[in-house]
Amino acid sequence: MLKRLQLSQFQDFWNPLSTRPQPGVYFCRAAGYSPALEQFIEQALQKRTELPMRLTGKLQNPDGGQLAYLRETLGDDFACDPAFFDTQLKKWLPRLSDAQRQNLSGSMHQTLLSLRAQGKNDNMLRNAYLKFLCWMYYRFEQLLHRLGQDPLPKILYDGQLSAHELQLFCVLADAGCDIMLIEPQGDSAYLALDPQSQESYLCPFAGQQPFPNGFSLETRMKQYRPPRPAQTARPATPSAARPTASAPSRPATPSASRPTASAPSRPATSTPSPSRPAQASRPAPRPSRTPAELFPNAPVCAVNTWLSGDLMADSLRDPAERGAEQSYIYNMFVRILGVSDKSSYTRDLFLWRKKLADTGRHVTVLEELPIPTPNETAKVAQCSAQSASQVIAGLLPMLQPTANAKLDAAAGRALVELLTEMEKANESPMRIKNRAVYVICWFNRYFRTLFEGYSNGKLPVLFYFGICRTAFEAMFLRFLARMPIDVIEIYPEHASDCRLTDKLLFDRMYDDTLHLDRFPQSADAAEYSTAAYHAEQELTETLYQDSGLYRDRQHHKATAVTLRTMCEEVYLLWDKEALLRPGFETVDDTVLVPVLTAKVSGVKNADTGAYWSQIKRLVDEDTQVITRLPYLGAVDQSRLNPVPFIKNRKLQRDALKNSPAYPYALLRPEIQDFLLDKVQALLDSGLIRGTFSQGMEYKILSVAMNLPKDIVRILQKADFTKTVPKLMVVSTGEAQCSLEDAIFLALLHLCCFDVVLFVPTGYQIVEKYYAEPLFDEHQAGEYLYDLQPPYLGGPASANEGIFTRFFRRGHL
């Protein structure tokens, strides 16, 4: 992300990125009027046709139609996670390059994290995210594909900013966009949002005069008239001479004649001006024609008219025997949800595909439709979207030829039929264009695979294993169903969120369901399950689904929820299972685990006997005890160098897991992912001072890859709905935690450990390493020093030998 620079004069705003003092963007504001600002606005009006620039006023909230289209395209999911943003932006703004999308995702993530730090809940973050995406698409899409590139895109805004507008501009500035805020009402409204001017710089040279009455950029754009180019005097020549009003006669040359205003008609030999074609040269408007009239040679598909209802048997029928009319293509378009027989489903599915292939028909299995890449859309999307007819005329030639004239005609007819149907439903031209671009990109990508070896007698078959979760996927299957191919959407579970609807579609739904991740592509993948096995699975689903009961390790993900308690509640909640603690909840496959993160300072009533007795009662087999600091020494980075595994603030998980030095390959895969999730969360939080500024990110990864063996084993057997693992630190002297200890404690907190510090001295033994408080401190009583604790069990130091542990007896 680019740094924000201070603007020293208005003229610098137009400087290319390459000539600036350092790589950065200008995010500035002008709160007063002056001739210099007037000149700057005049320059902006002149340059807006040359540079990627948008002059705008207040950004109106997205309307219902815009939000509906956003949800139709992206769904209702939300996660404050850069990977999630990257996936959504890839669908929503396909013209962005990978680097632009990554920068925009990271910038949006940082902005939303700052909102969360201000106490905003996830609903508020989601609302901001929806506004950002709508504004990016509907107001600034023309600029975004230039983010970070010379010349940088520019936004001039006038008016009083709202909080969400400021946040959006922060996102765009960090991603590589110059922004100038013009404030006719002064700077007070902005300072209410950003009192310290941390997000943008005020331009002191803008002046302090009040703005003219009624000033706005919109008004200035309407009033602006571009300066006329200066005309140089040319010597009069006979060929350039023009007759004056008093000229007695016209030039003799007919081709040079110029009829006067009184001329009754233009000479027949006159050549029309290139900028204004003669009326006779315009083609007569053509009446709209049906898809059948546009593509008379396209084969007619009699979709599903011949089905008997036994869908597997129907699909295996020879296409030549499906109907009597030889000029028709008898294809099928069906959706099958659920399973008829759980025990044999995968085997039957594999055999179905094999039998189709044995008849000589080409079978394709698709399990997803990756969204078109920027390169694919760039080749297709260059057409006007003023009307549906313009979209159709502009995009129809973008369908790649298949070397089969009838297949080309079928593709063209299917596309025109669907787009015309959208036009009749009063869909906007932009939405029609977006759907068409996706369909064309996917057709150009897959037609060689789908129609390999196509001939009239051998219809290909497409199994789409999954459901159409977006309207784009649904439209692509509808497009194919109007071509000579059997289209079968099949999914062994029930899916209420499938977006596929069509008057031609034949639906079949079975009562039973089965979870199956992939379409069985080989005999090895075709399995047979016994009836007893499925009965056990059904009992498990019934017994452990929203019942408050949980089977062993039922959930694979967990998030720590810090319990803010009184001091006495630390002892009361210590041995309670997670599901018995206040705040416990399961959301989908994630458990919200209430954990204790506390520091108990001082000794109640200065009674050391009761103090140690109370602590000893807390120690059990699930408690790790540290009584000597520092616990972790300097981490050896020679075995695993952390530098290659963090790029652009992201943990490179695949590279890390594939490294020979990766230490956790023995753990359950879901626990490996859980641990790496928490490492990324610690990086994103910025909790450790110096993260992404002083190289602390590498120290964090090194500590995470060198956890003590006891901790690793606790993670391996973790069951997030049951016993909460615990770490207790007892510090009675003046020794402090090391940086590695601070990282270790923070990581265990994120991994859903109870982490409690008992510090009778009240000293700050770890706080200096954290950018914000991690532990909820309780003042239990009087501060006491040089106490000698009894043996509490557990490791005193991660680096101690066996003899040291044997003779130490727990003393500091």
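Residues 93 to 904 (our numbering) are what the sequence shown spells out, left to right.
The beta carbon of each residue, even a glycine, is placed where N, CA and C say it ideally should be.
Remember, predicted model here, so these are calculated numbers, not experimental data.
Query	Result
Throw me the rounded Cβ distance for the Phe539 and Val457 pair, which I believe falls under 8 Å.	The Cβ separation is near 16 Å, so there is no contact.
Whole-angstrom Cβ separation of Lys691 and Glu869, contact assumed at under 8 Å?	4 Å
Does DSSP put Thr654 in a helix, a strand or coil?	strand
Return the first residue and the last residue of the beta strand (DSSP E) that Thr173 is part of.	It is Asp, not Thr, that sits at residue 173 in the sequence shown. That residue, Asp173, is in no beta strand (DSSP E); it is neither H nor E in DSSP.
Out of curiosity, what's the CA-to-CA distance linking Thr111 and Gln202?	28 Å
Could you check whether Val717 and Leu844 sit closer than 8 Å to each other, using their CB atoms as the reference points?	In the sequence as presented, Leu is not what sits at residue 844; that position holds Cys. The answer is no: Cβ separation not under 8 Å.
Would the stretch 467 to 477 and the stretch 493 to 510 be scored as touching if the rule is three or more Cβ pairs under 8 Å?	no
Starting from the C-beta of Leu294, find all residues in its chain whose C-beta is less than 6 Å away, skip the five residues before and the five after it, and write them out in chain order.	Arg121
Could you check the C-alpha separation between Tyr861 and Leu264 for me, to the nearest Å?	32 Å
For Ser794 versus Pro734, is the C-beta distance shorter than 8 Å?	yes
Would you mind stating whether Thr654 and Thr682 have Cβ atoms separated by less than 8 Å?	no
Are the stretch 746 to 758 and the stretch 824 to 839 in contact at 8 Å, needing three or more beta carbon pairs?	no
Can you confirm whether the stretch 281 to 288 touches the stretch 252 to 263 when touching is taken to mean that 3 or more C-beta pairs between the two stretches lie within less than 8 Å?	yes
Kindly confirm or deny that the stretch 704 to 719 and the stretch 755 to 768 touch, where touching means at least three C-beta pairs closer than 8 Å.	no
Which of helix, strand or coil does DSSP assign to Tyr240?	The question names Tyr, but residue 240 in the sequence shown is Gly. Gly240: coil per DSSP, three-state reduction.
Taking the DSSP output, what are the residues bridged to Leu97?	Tyr118
State the CB to CB distance for the pair Leu273 and Gly149, rounded to an integer number of angstroms; the pair is presumed to be in contact (CB under 8 Å).	That belief does not hold up - the Cβ atoms of Leu273 and Gly149 are roughly 11 Å apart, past 8 Å.
Apply the 10 Å Cβ neighbour rule to Val679 and answer buried if 16 or more other Cβ atoms are within range, or exposed otherwise.	exposed
From which residue to which residue does the alpha helix (DSSP H) around Asp402 run?	Per DSSP, Asp402 belongs to no alpha helix (DSSP H) and is neither H nor E.
Measuring alpha carbon to alpha carbon, tell me which of Phe557, Arg574, Leu408, Glu515 ends up nearest Phe535.	Arg574
Determine the contact status of Lys183 and Ile463, defining contact as a CB-CB distance below 8 Å.	yes
Just the C-alpha distance for Glu413 and Asp594, rounded to the nearest angstrom, thanks.	25 Å
Taking the beta carbon of Gly430 as the centre, do at least 16 other beta carbons fall within 10 Å, making it buried, or is it exposed?	buried
If contacts are defined as beta-carbon pairs under 8 Å, then Arg527 and Met567 qualify, I think. What distance do you get, rounded to the angstrom?	5 Å
Compare the C-alpha of Leu672 against each of Lys814, Ile806, Thr657 and name the closest.	Lys814
Where does Glu417 fall in DSSP's three states?	coil
Counting pairs of Cβ atoms below 8 Å between the stretch 192 to 210 and the stretch 142 to 157, do you hit three or more?	no
Relative to the C-alpha of Asn195, which candidate in Leu207, Arg208, Ala209, Thr179 has its C-alpha closest?	Thr179
Can you have a look at Arg610 and say buried or exposed, based on whether 16 or more other CB atoms are within 10 angstroms of its CB?	exposed
Name, in chain order, the residues that DSSP records as bridge partners for Phe557.	Ile582
Tell me whether Asp604 sits in a helix, a strand or coil according to DSSP, three-state version.	strand
Determine the burial state of Gln234: buried for a count of at least 16 other Cβ atoms within 10 Å of its Cβ, exposed for fewer.	exposed
In this structure, does DSSP put Phe102 in helix, strand or coil?	helix
Could you tell me how far apart the beta carbons of Phe177 and Ser197 are, in whole angstroms, since I believe they sit closer than 8 Å?	4 Å
For the putative contact between Ala650 and Lys498, defined by C-beta atoms under 8 Å, what is the C-beta separation to the nearest angstrom?	With 8 Å as the limit, Ala650 and Lys498 do not qualify as a contact, their Cβ atoms being about 57 Å apart.
Would you kindly report the start and end of the unbroken beta strand (DSSP E) that includes Ile271?	270 to 274
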